[in-house]
Every structure is written in C-alpha cells, then in structure tokens.
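Asks:
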Amino acid sequence: MRLWTLLGLVTLLLAEDTFAFKAHDFKTCSQSGFCRRGRALAARARESKDIWKSPYSVLVDSVTINPTEATFSARVKSSLYPDIKFGLELRVHEDGVVRVRMDELDGLRKRYDEAASWALIAEPKTSNDIRWTPGKKDIRAVYGEKKDFEIVVSYEPLRVALSRNGKEQVVLNGQGLLHMEHFRNKPQPEEKTEEKTEEPKVEGGEEGAQEVLKQENPRAWFEGENEDAYWEESFSSWTDSKPKGPESLSLDITFPSHGTVYGIPQHATRLALPTTTGEGASFSDPYRLYNADVFEYLASSPVSLYGSIPVMHAHSTDSTVGIFNAVGSEAWIDVSHASEKSTETHWISESGILDLFLLPGPTPEDIFKQYTRLTGTPVIPPHWSLGYHQCRWNYINSDDIRTVQKRFDEDDIPFDVLWLDIEYAEEHKYFIWDQKTFPDPVEMVNDVSALGRKMVVIVDPHVKRTSNYPVYKEASDKTLLIKSKNGEGEYEGWCWSGSSSWIDFFNPGAWEWWKSLFKTYKLSNGGWSWIQSTEDVHIWNDMNEPSIFNGPEITMPKDSIHYNDWEHRDVHNINGMLFSNHTWQAVHERSNPPKRPFVLTRSFYAGSQRFGAMWTGDNLGTWEHMTVGIKMVLANSIAGMSFAGSDVGGFFGNPEPEMLVRWYQVGAFGPFFRAHAHIDTKRREPFLLDEPYKSYIRDILRLRYSLLPVWYTQFRETTVTGLPISRPHYVAFPKDKNGFDLDDQYFIGSSGLLVKPVTEKGVTEATVYLPAEDQPYYDYFDFILHRSTTKGKTITVPAELDQIPLLIRGGSIITTRERPRRASRAMKYDPFTFRIALSKSGTASGELYLDDGESYDHEKGQLVWRQFTADKTASKKVKKPLLKITSRDMASQNPDSVVDGVALQGAYTPNNSFAESIKDVRVERLVIAGLEKKPKHVKVEGESGELAWEWLDGVAAGDKGEGGASVLIVKDPRVLIVKDWVIVIE
C-alpha cells in the first residue's frame, strides 16, 4: 500500500468529513432566497385563490406575425412595473414542438440566454405551413396532420395552452405564478421615520383582506412585503455577493389531463414523481436541480445530486406530453397531483430567460423523437464498453493491475475494462503517472490490451496550482481558468490535488487546447501532451459538478466569473457537461482515423447523451440504494441518458455475499455495468468470493456477455429513435394504467426481454407484472409459460439467489452468443443461438446489429443489420408450414437507413468488408418455444436433407405457473448470419 503524503492524508480526511451526507451541508428551499420567494408567491396565490390574477399581459398592438414562419412575437407588460418591458416569442417547429421564449427587454443588464445553445444540436427549423390567427382576446395556431393540435396565447392575463383534440395538455401561467424578476439598481439606505397608520377596516374576512392588500399595495400583494435576499445571501460561513440583484424566474406548468409525471433527474426517488406540496406530500421540499457532490446520498429524497436534466414527461392513458425547460441555473420544482387526472408543477429558477419547449407527443415514442431532435440521440458506444468494468479506489500499482487481470482469467470470469482512480496520478496531477507506483504505464496498458481489454483512468476537472504542473501553467498562461468574483484573478479552491483552479470550458480558447492534452505523441508546438498513454486508455470524468471541498455546498461560489463575464450561478448545471463533452471530443480526435471514445461522467445536463455514459454517483452498499439505483437509471434513461448505471456493490460499505450477488444481477441488466468501491472497503473482486457466490457471479457475468448482441442492437435503436434502452413500463405499454407507477421492473429496449431484479434480502420468489395484453411470456431459462390478459396480470416466479426473474415476451426473437470468453473482443467469430418465443398467433420477430465495434466505418455502411421473423407464411414448396423462420437484410430493405444518427445514403452493400470479415459466422442453434405440435420435418428451404432437431413436450402446470411451453431445438442449422435464408418447419 502506498504511503500517503501529509498533504494527501489531510485532503482525504477533510474530504471524508465534508462529504459524509449531512443535511446542513446543502440548502433547503427555505434557505435559498429565490426559492423562498417563489414558494411564498405560490402560497399567496393559494390564500387569495378567488381574486388571484397574474399581472402579466400581452400588449395587443405589439403582436407581430412572421408570414413565412410559424412565429409570432409581442411585448409583455407587468401591471406591477409598467416601465419594465418584456419580449415574448412563440415558434412552432416542423415536428410540432412549440418553443416559448420570454426575456426582459432593454433592462439594466442582460439575462443569461445561452443555456439552450449548449443543449441543442442545431437551431430547430420552424414550420412553413402554420399560420397564427389573432383575435380580440388571444392568438392561436392549429396544426398537425389531422389539425388536432392547437396552441393558444391569451392576452390578459398572459396564458399559453397547448391542446389536442380540444383537450388542454400543457398550460403555462394557468395558476398565475409567472414572475420574471427584473433587473434593478440596489437601493441606497434611507433614514426611516415612524409614521402611525391606522389599520384598514376589512369586511369579508381573509378574502376581503387580500382584496384590500391587492388594491393598496399590489407589489406587496404579489411579491411580498419585504425584499428577501435580493442583494446578498449567506449560507453557513459563505456569503454570495449577488452583484446583479434579484433575477429569478417563477413559472407554473400544469398538465390538466395527465395525472402522472416523470423526469427531472437526477434524484433518489421513485420514477413516477411523488408530490411535494399539500397534505400527504412525500417530501417537504421541492425537487432541486443543482449539480452537487452529495456524499452518501439518501435513498429517498428530492435533494439535488450530480446531474440535472430539466425534462419532464406527463402521462395518461390518452397521451403523453413533455417539456424541456432550457435553464442552466439552480432550479426547484414543486409537484402537486391536483387530482387523479391532473398535475400542477411550479418551476423556480435563479437566473436566465424563459426558454421552454413544449413536446406535444402524443405517444412516448413521439416525445423521445421530439426531444432528441432538439438535443441529440445517444451515440453508439464501443462494443467493449458494454461488457463488465472492474474498478475500485484504488488499484495501487502496476503489479496490482496485472494480478487482478490474471486472477479473473484463472477463474474464467469475463471482463473487459480495468479502471484506475485518482491515486495513479502524481500528487493528483492528472495526466502524470506516479512513477513510484506506476513506473511502466504504457507497458501496463499494453499487457491489458494484449488480451483484448481496455483501461479507463480518471481525469478530474481540478487543476493543481503549482508551476511544475504543465497543465496548470499552460491554462494559466492562456487565461483559460475560471475567475474569482468581480473577475479578480483565478478562482482558487480545494480538492484532491490541494490548492486548485478550474478550466473554463465556456471559453472557446480552452477547447482545442484541452483536446491537445490527450494526444499520445509530442506536439509540434512544444505544448504538453500525454505521451505516457495509448489509444487503449479511455477516460472517467469525476468531480465535475464541480466538487470543491471548501466551497459553499461543496461546489463553486455562484459569483465566480466565466467567459463573457457570466456568473457561475447562470451556468452551474451546464458546467460539468462541457468538461465531459470536450473530453469525449479529445479522445475522439486523438486517433487518425478516429476511434469511438468511452467517457464516463458524473455531472451532466440535457444533451450529455451525445458524449457517453453516466453513473449515479457515490451510493451505499445497502439494499435501499440497490433498489433506488434502478429507479434512477430509469429516470435518467427517459431524459436521454440511456448509457447509465449504478456502482455494483455500492461505493461505500462491505456488502455481504448475498447482497453482492443480487447487485451483480442488477448491474448485468443495466446498460453501464461497473463494480466500484471506496478506498476503505474490503477488496471484493468476484474471484475473492467463496463458493457458491463466486460461481453465481461468474454465471451472471457470462449471461451478460451472452446477451451482448441484444444490448448492442438496442444501442443502435436508441441512436436513431432516442427511445431508452432501460425501458419503463409506461413507455412500452403507454395505455396500461396498472404499469404507470412501475419502476422495479423494465424492458430491455424493444428486444422483448422483461427483467425484475431482486433487491431485497432473503428472497426466494418474486412477483412480476405482465402487461395488459393477451400474450404469453416465457421464462428465459426454462421456458415456463405465463399468460397475460387484457387487464394485466401479476405472477410469482422463482428467485433463489442463483436465479433472476427474466422473461421473454411472446413474439420475440433473442439472439445470443453462448460460448464463454475472457472478453467481448474474443467473441467476434462466435456462432449465434436464437431463442424464438412465439406469440399467441404463432409469430415472432427480432433484429441483430453488428459492426466492428470500435471505428466509425459503420457510418460508411460497414455493418450487418438483420431482421429475423417467424410466421406461417406459405411458400411455393410448402403450402401450410407449421413455422417458417426467415433472415433478411434490414439495411437493404431500408435505403434511407440511419445508424448512429448518420444516414447511410447508399453507402451500404450486403457484401461490405465488415460483412465479409464475419462471412463464416453461423447460427449454431435455434430454440423455439410455443409451437402448437411436434413437427415432422425441419429443413433449410432450397436444400435437401433433414436438420438435426429435438422436441421437448411442455411440462405440466404446477407450482411453476402455467406449465412449460413445448420447445423445439434445431441443432446446427448450417445457415450463416450474414446471408438471407429460410428454415421451414413442417
């Protein structure tokens, strides 16, 4: 074990004491001035509900309609401040998304208006077919193929409503809580004189008192009687100078026809968001979006965590709608389920303009398409990154890395990636190896990659402030570092490397420089680059909220200054995304030709899905954290972050073997699958476990590897549609109300696999809800049959410690590779097994997508994309087959195919070089469940001779459910994966 330097030990102890979760380290709404003001505004509205009216209205004579675009703009006034001007603009995009923008005009200062530019992939195109129709009380536009959508802007008070088929879907300012705090000058102290005033006589009780207050002092009635934390705000020992004064934005967003809402990750809570206001509220505080390093976070809380995506879905059996609120500052969101069929939300953000996108749906699939047209789809990752990742803080030296790899191989346990945490770097100066413990980094990495594996090492955003650290010196010389308040020199804070500064990625000058650091060769300009690295090293971005040990709420002071003099308060939630985005680009561009990067980030924002994976942060080794980790992955997935996972085993603690086995089962069915542990935990690599636990985990890992073709195929789909890979029930079955609250089971994309991980101690059986459809579901392992109904059905399945509830939906074809290998790279030429689970009508379908898994040649048509179907379609030779299984080339069938967001545009040919490289890969087995009767013949169409096959009668019904399905096993059908073929079962 390495000896800690005194500085390192002090840093660790300080961090441990600071980061162990303590409620007083982080603000509640009542401790946040702007949230306090926003909630007080809502309280006044409730108290004077009958007379409450928004002071904002549209100046009718200012309405301007763009005749060539679906855009209108107007000035807005507030009756509280007649001299303050606001500008409103609405645009309807080509796909029906409505963008609503409102900003202060000609103000004393400029509000931050760039949040959307960091999230969007391009400026959306407005429709050319929609026309606004102005009236006396409102302006409206009707659109959609069936003219079923309508957007209505009421003039007084200002109200925006999106309707479908005459039913309101989303309403802005329907509760009258819109309030954009305008910029103002700080008042000078005045001498106060006492004046005696008589209390007005009020008739009519509380309502009458509110009416009098409204008439006599409308500002106090609306804003409150006192200036609350307008110009300065203190929390614990820190003071926020707030030089711009109050600038928060309050907005109520109501979903009148939707009783369930999801999204706004990330929080440790249920997928269907519980209420935060009124009687029976699950939480007393609103959900907070403020990227923060919450060490050992609670397993049920609205407290903000590491990432923030201001996206919300509202769902009912009738439709799904969504909103994307492009705000980069701290935000708080109250959720109130006003009735079983409607939801009210109140969004309070500290700064920025109103820039809101209304996603009209009306289906979940539409919502994902609409959102990813704005912010981009996930990228298709390198194939190896879908394997198992082994990490801890910290593998202590080069020999430790080599020993871990050796022990995995000796026990025949597969893995693909070894990770290094912060101790690889000398004095935590990232990019510089500690020569005492890692004297041969290139040789070490080559030893790992020689067996088909990769390494991931950490690069955190804090830069050690010392002149002998080239990264700091270059960044300082180029003035690329974030500045202290008022722009007075570089901001200095405390993190793992001691005294640190932070690179300002809002500064365009930082971008190319950062990319140059990752080059694995000497730069011609003499700049520093990471020559002690290889292209087999990929990157982990941690601490990028940013986490600062001696900062307010363990992060950067809000009055720190970024490029163009924006305050950190304006961009806090975007900041971490830019760090990982540019790291991804750096790894992408270090190779020629480029290879697909893998970058893991802890902090993220809308659009981060374009640049890699995320994990749910520093969880605990508890059953509760295992449980909520699934819910968090689902929530992040529906907000675009499909490549998501939680630390297997928990970052903190020493889980007992039973818990560790269950956690591996959870991890094996998440898109990102990594085991990680704190430096103080006992070593818990799988090969260290006693039997039978070691074998249980080996089997789980082999199951994950056998299903890699499924995972990779689903990643291809999400790069095109944006649909999540970990797919909640409401997305897969949007009309099944029984599943709206389900977040402990989910589907693996559109594959037909339904998984229900066990997250409780001592469980031997589990309940699984089958969707409301008349279809069979088969146990993945033994084909025990369960039938759902049109009303849905809850079943009980075995779940001993060596079992995981995994079902195949009838109508699905699952393609696997069953041969155990040490890493995914060794599987390239392995044959395939097909599990064919027939539907009620005796049909099934599935897809398989393959490419080289590492380059971008797939964008040039170097790929294999097959569709497999099973049906009873007759042919010339067989008039009434029992079943016919067909393989077709999907890319040829779809000339406009898109892969990884790139249109193939005719570049594809069936005999492309990648297809040629695997031309001999065959199908070695078909397992067909649900045939009506035993066949007489099984043949490849067009060939003579019988295939070898075996028939297994279904077992009788009993304790295992409705009995086992009949199973036909076709052995070595002699067909190739890259060719068209038909197998006929007579």
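Read in order, the letters of the sequence shown are residues -20 to -1, 1 to 966 in mature numbering (1 follows the signal peptide of the UniProt record, and there is no 0). Heads up, the beta-carbon is just placed ideally off N, CA and C, and yes, glycines get one too. Bear in mind the structure is a predicted one, so any value in this text is a computation, not a measurement.
Could you tell me which of 362, 748 and 480 sits nearest to residue 462, measuring between CA atoms?
Replies: As a first step, residue 462 must be located in the sequence shown, where it is residue number 482. Ranking the options by Cα distance to residue 462, first place goes to 480.
Asks: Going by other Cβ atoms of all chains shown within 10 Å of its Cβ, with 16 needed for buried, is residue 542 buried or exposed?
Replies: Taking the first residue of the sequence shown as 1, we reach residue 542 at position 562. Under this definition residue 542 is a buried residue.
Asks: Would you mind sorting residue 654 into buried or exposed? The rule is 16 or more other CB atoms within 10 Å of its CB.
Replies: Your numbering for residue 654 matches position 674 in the sequence shown. Residue environment for residue 654: buried (at least 16 other C-beta atoms within 10 angstroms of its C-beta).
Asks: Can you tell me whether residue 1021 is helix, strand or coil according to DSSP?
Replies: Residue 1021 cannot be examined here, being either before or after the span of the chain that is shown, -20 to 966.
Asks: Between which two residues does the beta strand (DSSP E) harbouring residue 478 extend?
Replies: On the sequence shown, residue 478 is found 498 positions in, with the first residue counted as 1. Counting along the chain, the beta strand (DSSP E) containing residue 478 begins and ends at 478 to 482.
Asks: Applying the 10 Å Cβ sphere with the 16-neighbour rule, what's the burial state of residue 524?
Replies: Here residue 524 refers to the residue found at position 544 when the sequence shown is read from its first residue. It counts as buried.
Asks: Within this structure, are the beta carbons of residue 855 and residue 911 separated by less than 8 angstroms?
Replies: Locating residue 855 in the sequence shown gives position 875, counting from the first residue. Locating residue 911 in the sequence shown gives position 931, counting from the first residue. For residue 855 and residue 911, no; Cβs fall outside 8 angstroms.
Asks: Between residue 263 and residue 76, what straight-line distance do the alpha-carbon atoms span, to the nearest angstrom?
Replies: In the sequence shown, residue 263 corresponds to position 283, counting from 1. In the sequence shown, residue 76 corresponds to position 96, counting from 1. Going by the C-alpha atoms only, they are around 35 angstroms apart.
Asks: Does the region 660 to 672 come close enough to the region 795 to 805 to have 3 or more Cβ pairs within less than 8 angstroms?
Replies: no
Asks: Report buried or exposed for residue 537, applying the criterion of at least 16 other Cβ atoms within 10 angstroms of its Cβ.
Replies: Taking the sequence shown and counting its residues from 1, the one referred to as residue 537 is at position 557. By the neighbour-count definition (other C-beta atoms within 10 Å, threshold 16), residue 537 is a buried residue.
Asks: Is residue 897 helix, strand or coil by DSSP?
Replies: Along the sequence shown, read from residue 1 onward, the residue named residue 897 stands at position 917. In the structure shown, residue 897 sits in a helix (DSSP, three-state: H, G or I).
Asks: Here's a check: name, in chain order, each residue in its chain whose Cβ is nearer than 6 angstroms to the Cβ of residue 932, leaving out the five neighbours to either side.
Replies: Numbered from 1 along the sequence shown, position 952 holds the residue referred to as residue 932. Only 947 meet the Cβ criterion.
Asks: Return yes when the Cβ of residue 403 is within less than 8 angstroms of the Cβ of residue 448, no when it is not.
Replies: In the sequence shown, counting from the first residue as 1, residue 448 sits at position 468. In the sequence shown, counting from the first residue as 1, residue 403 sits at position 423. No; because the gap between Cβ atoms is not below 8 angstroms, this pair is not in contact.
Asks: Kindly list the residues whose CB is nearer than 6 angstroms to the CB of residue 704, restricted to its own chain and excluding five residues on each side of it in sequence; keep chain order.
Replies: Reading the sequence shown from its first residue, position 724 is the one you call residue 704. Same-chain partners within the cutoff: 617, 618 and 622.
Asks: Secondary structure at residue 939, three-state DSSP: helix, strand or coil?
Replies: Counting from one through the sequence shown, the residue named residue 939 turns up at place 959. With a pLDDT of only 44 at residue 939, under 50, the local geometry of the prediction cannot be trusted, and the value read off the model is given with reservation. Coil.
Asks: Thinking just about the alpha-carbon of each residue, which of 145, 835, 712 and 113 is nearest to the one in residue 127?
Replies: On the sequence shown, position 147 is the one that residue 127 refers to. Nearest C-alpha to residue 127: 145.
Asks: Ignoring anything shorter than 3 residues, give me the beta strand (DSSP E) runs that lie fully in the region 786 to 838, in order along the chain.
Replies: 786 to 789, 792 to 796, 812 to 817 and 824 to 830
Asks: Is it true that the region 827 to 844 meets the region 688 to 697, where meeting means three or more beta-carbon pairs spaced less than 8 angstroms apart?
Replies: yes
Asks: Would you mind stating whether residue 218 and residue 267 have Cβ atoms separated by less than 8 angstroms?
Replies: Position 238 of the sequence shown, counted from the start, is the residue given in the question as residue 218. Position 287 of the sequence shown, counted from the start, is the residue given in the question as residue 267. Not closer than 8 angstroms, so no.
Asks: Within 10 angstroms of the Cβ of residue 265, are there 16 or more other Cβ atoms? Answer buried if so, exposed if not.
Replies: One-based indexing of the sequence shown puts residue 265 at position 285. Label assigned to residue 265: buried.
Asks: May I ask you to list the residues that DSSP assigns as paired with residue 475?
Replies: Sequence index remark: in the sequence shown, residue 475 carries index 495 (1-based). DSSP, once it has assigned bridges, lists 478 as partnering residue 475.
Asks: With which residues is residue 221 paired in a DSSP beta bridge?
Replies: Indexing the sequence shown from 1 puts residue 221 at position 241. Per DSSP, none; premise fails for residue 221.
Asks: Give me the DSSP bridge partner(s) of residue 400.
Replies: Within the sequence shown, the letter at position 420 stands for residue 400. In the DSSP output, where bridge partners are listed per residue, residue 400 has 437.
Asks: I'd like to know whether the C-beta atoms of residue 944 and residue 763 end up nearer to each other than 8 angstroms.
Replies: One-based indexing of the sequence shown puts residue 944 at position 964. One-based indexing of the sequence shown puts residue 763 at position 783. Yes, they are a contact pair.
Asks: Nearest by alpha-carbon distance to residue 755: which of 775, 820 and 778 is it?
Replies: Mapped onto the sequence shown, residue 755 falls at position 775. Ranking 775, 820 and 778 by Cα distance to residue 755 puts 820 first.
Asks: Tell me the rounded alpha-carbon separation between residue 7 and residue 215.
Replies: Here the question's residue 7 lines up with position 27 in the sequence shown. Here the question's residue 215 lines up with position 235 in the sequence shown. So the two alpha carbons sit approximately 8 angstroms from each other.
Asks: Which residue from 727, 571, 724 and 739 puts its Cα closest to that of residue 635?
Replies: Counting from 1 along the sequence shown, the entry for residue 635 is found at position 655. In terms of Cα proximity to residue 635, the closest of 727, 571, 724 and 739 is 739.
Asks: For the region 159 to 169 and the region 222 to 239, state whether three or more C-beta atom pairs, one from each stretch, are separated by less than 8 angstroms.
Replies: yes
Asks: Does the Cβ-Cβ distance between residue 685 and residue 367 come in under 8 angstroms?
Replies: Stepping through the sequence shown from its first residue, residue 685 is reached at position 705. Stepping through the sequence shown from its first residue, residue 367 is reached at position 387. Yes, Cβ-Cβ distance for residue 685 and residue 367 is below 8 angstroms.
Asks: Let me check one thing: in DSSP terms, what residues is residue 142 bridge-paired to?
Replies: To locate residue 142, count along the sequence shown from 1; it is residue 162. Partner(s): 131 and 150.
Asks: Return the chain-ordered list of same chain residues with a C-beta closer than 7 angstroms to the C-beta of residue 625, the five sequence neighbours on each side being excluded.
Replies: Position 645 of the sequence shown, counting from 1, holds the residue named residue 625. Here the set comprises 595, 613, 647, 650, 651, 652, 653 and 654.
Asks: Can you find the residues in the same chain that come closer than 6 angstroms, C-beta to C-beta, to residue 59, ignoring five residues on each side of it along the sequence?
Replies: To locate residue 59, count along the sequence shown from 1; it is residue 79. Counting only residues of its own chain and dropping the five nearest sequence neighbours on each side, residue 59 has a CB closer than 6 angstroms to the CB of 35.
Asks: So, with DSSP's three-state summary, where would you put residue 909?
Replies: Within the sequence shown, numbered from 1, the residue matching residue 909 stands at position 929. Residue 909 falls in the strand class under three-state DSSP.
Asks: Thinking C-beta only, is residue 795 closer than 8 angstroms to residue 828?
Replies: For the purposes of this step, residue 828 is taken as residue 848 along the sequence shown, with counting starting at 1. For the purposes of this step, residue 795 is taken as residue 815 along the sequence shown, with counting starting at 1. Against a cut-off of 8 angstroms, the Cβ pair of residue 795 and residue 828 comes out as a contact.
Asks: Specify the secondary structure class of residue 374 as computed by DSSP and reduced to three states.
Replies: Stepping through the sequence shown from its first residue, residue 374 is reached at position 394. Three-state result, residue 374: coil.
Asks: If you count every other CB in all the chains shown that lies within 10 Å of the CB of residue 57, and 16 or more means buried, which is it?
Replies: Position 77 of the sequence shown, counted from the start, is the residue given in the question as residue 57. Answer is buried; the Cβ neighbour count reaches 16.
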